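Q:
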Amino acid sequence: MYMERSLEQISRQSLDHISFRLFLSGTSDLHVDGRSSVLRAGDLQMLDLSQWMRSTSHGSKPVIHLIVPRRLFEKRLGDVSAFHGSTIRPDASPLTRLMTDHMRSLAACIDAADEGQRTALTAATVSMVNAVLTKPGDGPYERDTVLGVAMRRFIEDDLRSFDLGIEKLCARFAISRTRLYALFEADGGVASYIRDRRLARAMRILAGLEAGDRRRISSVGYACGFETETMFSRAFKRKYGVNPSEVDAGYRPQAHLEYGATLMSWINAL
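According to my numbering, the stretch in the sequence shown is residues 4 to 273, in order.
1) Check whether the region 21-37 touches the region 79-88, taking contact to mean three or more Cβ pairs, one atom from each stretch, closer than 8 Å.
2) Taking the straight line between their C-alpha atoms, what separation do you get for Arg43 and Lys240?
3) Which residue or residues does DSSP assign as beta-bridge partners of Ser39?
4) So, Val135 versus Leu75, is the Cβ gap smaller than 7 Å?
5) Tell me, which residues are paired with Asp326 by DSSP?
6) Does DSSP put Thr122 in a helix, a strand or coil?
7) According to DSSP, is Ile113 part of a helix, a strand, or is it coil?
8) Reducing DSSP to helix, strand and coil, say where Arg155 ends up.
9) To which residues of the same chain is Trp269 closer than 7 Å at the C-beta, ignoring the five residues directly before and after it?
10) Thinking just about the alpha-carbon of each residue, which of Gln120, Arg201, Leu124 and Arg180 is nearest to the one in Phe229?
11) Rounded to whole angstroms, what is the Cα-Cα separation between Glu77 and Ala210?
12) Return helix, strand or coil for Pro72, following the three-state DSSP convention.
13) Identify the continuous beta strand (DSSP E) that holds Thr59 and give its terminal residues.
14) State the CB to CB distance for the pair Arg57 and Glu7, rounded to an integer number of angstroms; the pair is presumed to be in contact (CB under 8 Å).
15) Considering only DSSP beta bridges, list what Met6 is partnered with.
16) Can you grab the Cα-Cα spacing for the pair Arg182 / Asp190, in whole Å?
17) Taking buried to mean at least 16 other C-beta atoms within 10 Å of its own C-beta, is Ile70 buried or exposed?
18) If you drop the 5 nearest sequence neighbours on each side, which residues of the same chain put their C-beta closer than 7 Å to that of Gly142?
19) Can you name, in chain order, every residue of its own chain whose Cβ lies under 8 Å from the Cβ of Met106, other than the five neighbours on each side?
20) Is it buried or exposed, Gly37, if we count other Cβ atoms within 10 angstroms and call 16 or more buried?
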């Protein structure tokens, strides 16, 4: 697919926005300001819509677009037009990984969100964009922020482990219990955060949004780190008001929003 933002289009449209394009597959050749680069699946590309560009995509699926008005970027970032044509690699830092995950989740759940939720998601997305573009050493860039994101990423990847908890996190990240508690204070505590993430994953499995054995409730509970079916069912009913056996594809919008709520929690710590 060939795309060019010509000087004629720029003059006619008068857009003052920055575009973030997340490539889901394939590759794309980008040409800006006499420079060329190749983008691959998972890369996030930044474009200033007031500047010329040309790109050719090869074997790509639909791209996720995020358009942000220039006025919403914080002044401390300087002239954001300097980011035109730059590429953000998802593995560059925990924040860039979070940004690409957020865009995928946002694309999946935005249609199911109501007006109030969309307003909150917009504010969170703008905060995330500014955080990703903040260089290490700037005032808002703090080690605890990056550590908090890395820990939440680790928790999400380790939910099926029965031993996931305070001791494991303290050992894995070499921090004290006091510091760990402080990092998760806004989430009601680390144990509460882990339990909510386990239940949210169970909801996604039961609603058919994530791979897993839905035939047996115990299998879903074990896959999400609950040691017994009774423990899992009680916690699930307490959080969602329904038994796990009652969840079907009709709960998919709620399951999408559950994942969005995870990202909101991460963003609130930025």
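Backbone N, C-alpha and C fix where the C-beta goes; we use that ideal spot for every residue, glycine too.
Just so it is clear, the structure is predicted and the values come from calculations on it, not from any experiment.
A: Taking the structure as given:
1) yes
2) 42 Å
3) His34
4) no
5) Residue 326 lies beyond the stretch modelled for the chain, which goes from 4 to 273, so this question has no answer here.
6) helix
7) helix
8) helix
9) The pLDDT assigned to Trp269 is 48, lower than 50, so where the model puts this residue is not dependable; a value taken from the coordinates is nonetheless given after this. Closer than 7 Å at Cβ, skipping near neighbours: Leu101, Val152 and Arg155.
10) Arg201
11) 39 Å
12) strand
13) Met56 to His61
14) 4 Å
15) Ser58
16) 14 Å
17) exposed
18) Only weak support exists for where Gly142 lies, its pLDDT of 49 falling under 50; the value from the coordinates is given anyway. Closer than 7 Å at Cβ, skipping near neighbours: no residue.
19) Phe23, Leu25, Leu47, Ile67 and Leu69
20) exposed
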